[in-house]
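Undergrad:
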Amino acid sequence: MPNGSGISCENGNGMIIGGSGAGQGNVISATVGKAIQLQSCASAVVQGNFIGTNAAGTGALPNATGIEANLSLGLIVGGTAPGTGNVLPGNLGSGPRLTSSDRAVRQGDFLGPAPTPPPPPGTGTRAQPPPRRARLRS
């Protein structure tokens, strides 16, 4: 049975979702809402998560939306160091969607169909248009 939503933060500061170390990332799949939702969460970090996929990263278990952030100043999604990128292959709506999030950075995420074998988080990027004043790096 699917969940309504995954992880959410509202009016928070410094929230860390996942991480680059072994066992720190989350598997967030099969939600009928948003896998990760950040609303007015300053300095949040979202790294090393499998979003919309099975735990092995080899098959899609779609969420309605992958990551959605709004008004989240200084947000970091993904990264270039090993293990910091998120794997988001199977979401029905937007994968990462960052709106009105000044100084947001999204980099090193894998978006697209679930590969076999899965890439380690942080090995590729397919980008959507960046949010206002955001930096996109691959």
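For the sequence shown, this note's numbering assigns the number 42 to the initial residue and increments by one for each residue that follows. We put the CB at the ideal spot given by N, CA and C, even for glycine. Keep in mind that this is a model prediction, so the values were computed, not measured.
Taking P60 and G66 to be in contact with their CB atoms under 8 Å, please state how far apart those CB atoms are, rounded to whole angstroms.
TA: Sequence index remark: in the sequence shown, residue 60 carries index 19 (1-based). Sequence index remark: in the sequence shown, residue 66 carries index 25 (1-based). Here residue 60 turns out to be Gly, not Pro, going by the sequence shown. The Cβ separation is near 7 Å, so the contact holds.
Undergrad: Determine the contact status of V86 and N127, defining contact as a CB-CB distance below 8 Å.
TA: One-based indexing of the sequence shown puts residue 86 at position 45. One-based indexing of the sequence shown puts residue 127 at position 86. No, the pair does not count as a contact, with Cβ atoms beyond the cut-off.
Undergrad: Would N95 pass as a contact of S70 if the rule is Cβ separation under 8 Å?
TA: Along the sequence shown, read from residue 1 onward, the residue named residue 95 stands at position 54. Along the sequence shown, read from residue 1 onward, the residue named residue 70 stands at position 29. Result yes, Cβ atoms of N95 and S70 sit closer than 8 Å.
Undergrad: Is it the case that the CB of A63 approaches a heavy atom of the ligand GTP more closely than 7 Å?
TA: For the ligand GTP, the structure offers nothing, since it holds no ligand at all.
Undergrad: Quick check: the Cα distance between T102 and I77, rounded to an integer number of angstroms?
TA: The residue you call residue 102 lines up with position 61 of the sequence shown. The residue you call residue 77 lines up with position 36 of the sequence shown. The residue you asked about is not Thr; residue 102 is Leu in the sequence shown. If I take the Cα positions, the gap works out to 15 Å.
Undergrad: Would S135 pass as a contact of L112 if the rule is Cβ separation under 8 Å?
TA: Locating residue 135 in the sequence shown gives position 94, counting from the first residue. Locating residue 112 in the sequence shown gives position 71, counting from the first residue. Against a cut-off of 8 Å, the Cβ pair of L112 and S135 comes out as no contact.
Undergrad: Could you give the first and the last residue of the continuous beta strand (DSSP E) run that contains C50?
TA: In the sequence shown, counting from the first residue as 1, residue 50 sits at position 9. Note, C50: beta strand (DSSP E), 48 to 51.
Undergrad: What residue range does the beta strand (DSSP E) around Q78 cover?
TA: Stepping through the sequence shown from its first residue, residue 78 is reached at position 37. Residues 75 to 80.
Undergrad: Can you give me the C-alpha to C-alpha distance between D143 and G100, rounded to a whole angstrom?
TA: Position 102 of the sequence shown, counted from the start, is the residue given in the question as residue 143. Position 59 of the sequence shown, counted from the start, is the residue given in the question as residue 100. Those two C-alpha atoms are separated by around 33 Å.
Undergrad: State buried or exposed for P170, treating a residue as buried only when at least 16 other CB atoms are found within 10 Å of its CB.
TA: The sequence position of residue 170 within the sequence shown is 129, counting from 1. Confidence is the limiting factor: at P170 the pLDDT is only 39, short of 50, which leaves the residue's position unreliable and the question unanswerable from this model.
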